[in-house]
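Peer 1: Note that this note's numbering gives residue 113 to position 65 of the sequence shown, counting from 1, and the numbers run on in steps of one.
Here a beta-carbon is modelled for each residue, glycine too, at the ideal position from N, C-alpha and C.
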Amino acid sequence: MEPQVLAALATVDDPELGIDIVSLGLVRRLDIGDRTVDVELMMTTPTCPLGGLISENARAAVESAVGKDWTVKVAIDKAAVWSPELADPAVRSRFERQPSRFEAAVSKFAAGLFGR
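1. Measuring only the C-alpha atoms, how far is Glu88 from Gly81?
2. Less than 8 Å separating the beta-carbons of Pro51 and Leu98?
3. Please confirm whether Asp117 and Arg83 have their CB atoms less than 8 Å apart.
4. Within the same chain, show all residues whose beta-carbon is closer than 6 Å to that of Ala56, passing over the 5 residues directly before and after it, in chain order.
5. What is the rounded straight-line gap between the Cα of Ala153 and the Cα of Ala159?
6. Spell out the partners DSSP gives Ala123 in its beta bridges.
7. Which same chain residues end up closer than 8 Å to Ala123 when comparing Cβ atoms and leaving out the 5 residues on each side of it in sequence?
8. For Asp68 and Asp79, I'd like the C-alpha separation in whole angstroms.
9. For Gly73 versus Ala127, is the C-beta spacing smaller than 8 Å?
10. May I ask you to report which of helix, strand or coil DSSP gives Leu101?
11. Can you grab the Cα-Cα spacing for the pair Gly66 / Arg149, in whole Å?
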């Protein structure tokens, strides 16, 4: 059942980033019991104004996957602090700072000056 629930959660995107909450590492806890699913999420920022929407979308996605006869609860841990290290490696690379065109040009120029 866990793969089914995680697959459902992976259909829920953080609307600001356009990346699913599983790949972002926002699923903190997943407990599956007797016809119950409890999910605990974190947001990328503690004051995320879209937390309620994300939580409701997650609940609806899981409920759709497991069926209406299951009780699905989704909570947000507002004390949890997210960082890019929690995301999948492919997603993490999106958060790595890329040098600006100016920085790249300066670096190339300096390399030419100093023979590097």
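Peer 2: The answer reads as follows:
1. 14 Å
2. no
3. yes
4. Ala109, Val110, Ala113
5. If you take the alpha carbons of Ala153 and Ala159, they lie about 10 Å apart.
6. Glu88
7. Excluding residues within five positions, the ones whose Cβ falls inside 8 Å are Asp86, Val87, Glu88, Leu89, Ser103.
8. 20 Å
9. Result no, Cβ atoms of Gly73 and Ala127 do not sit closer than 8 Å.
10. helix
11. 25 Å
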